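Remarks on the structure that follows.
See below:
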């Protein structure tokens, strides 16, 4: 039973790694095209329109953002491959895999969506997930490093809130 239990954990981390590798491989030709052509694409979807207020979702595809997302997904896939062997006996391996995937999702929020609200959501998600990843082993050293991570993240929160305040004064929510 123990062998199959470890195999099911190993399988879930490899599935996450394969998903991230496939995303990275799929994204690579688009990244090359955008880098070589210097083009950017801005897509906007109107989510809700009430009276004179419009709520829309913007997605920005540019060479730097695509390159960054490609690198983040590739490195995260390598981390998942390594962790599937290094942490094969870890009881909470699936929790670690979900944390890494949430880290990748938060990073992609920061990269692709130029709205300040989504930027704040992505940044706070990244902060919470980073804190959880740093304190994963729950030792005194990791807890102190996690507190340092949380405090540094608060500096970024203050900066983002100031940027949101300036944008509200100008009357828009997009970067």
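Numbering (the numbering used here), first residue to last: 1 to 175. All residues carry an ideal CB built from backbone N, CA and C; glycine is no exception. Computed from a predicted model, the values in this text were never measured in an experiment.
{"Item": "Secondary structure, alpha helix (DSSP H): runs of 4+ residues fully inside the segment 48-132", "Value": "63-86, 93-112"}
{"Item": "Residue from 75, 58, 62 whose Cα sits closest to the Cα of residue 25", "Value": "75"}
{"Item": "The segment 80-88 touching the segment 119-139, judged by at least three CB pairs closer than 8 angstroms", "Value": "no"}
{"Item": "Own chain partners of residue 112 with C-beta closer than 8 angstroms, once the 5 adjacent residues on each side are dropped", "Value": "59, 60, 61, 65, 69"}
{"Item": "Nearest-angstrom beta carbon gap, residue 103 and residue 129 [assumed within contact, 8 angstroms]", "Value": "5 angstroms"}
{"Item": "When 55, 96, 38 are compared against residue 46, the one with the closest alpha-carbon", "Value": "55"}
{"Item": "Cβ shell of residue 40 (< 6 angstroms), same chain only, five flanking positions each side left out", "Value": "62"}
{"Item": "Sequence-distant residues of its chain with Cβ nearer than 7 angstroms to residue 156 (five each side left out)", "Value": "123"}
{"Item": "Residue from 57, 115, 79 whose Cα sits closest to the Cα of residue 44", "Value": "57"}
{"Item": "For residue 135, three-class secondary structure by DSSP", "Value": "coil"}
{"Item": "Cutoff 7 angstroms; reference residue 101; Cβ partners in own chain excluding five residues on either side", "Value": "16"}
{"Item": "Counted within 10 angstroms of its Cβ, other Cβ atoms place residue 31 as buried (16 or more) or exposed", "Value": "buried"}
{"Item": "Length of the line joining the Cα atoms of residue 145 and residue 107", "Value": "21 angstroms"}
{"Item": "Reference residue 180; option with closest CA among 51, 20, 67", "Value": "Missing from the structure shown is residue 180; the chain here goes from 1 to 175 and no further."}
{"Item": "8 angstroms CB neighbourhood of residue 49 in its chain, flanking five on each side removed", "Value": "55"}
{"Item": "Cβ pair residue 23, residue 73 closer than 7 angstroms", "Value": "yes"}
{"Item": "Cβ-based burial, residue 13 [other Cβ within 10 Å; buried from 16]", "Value": "buried"}
{"Item": "Unbroken alpha helix (DSSP H) run spanning residue 165, endpoints", "Value": "140-170"}
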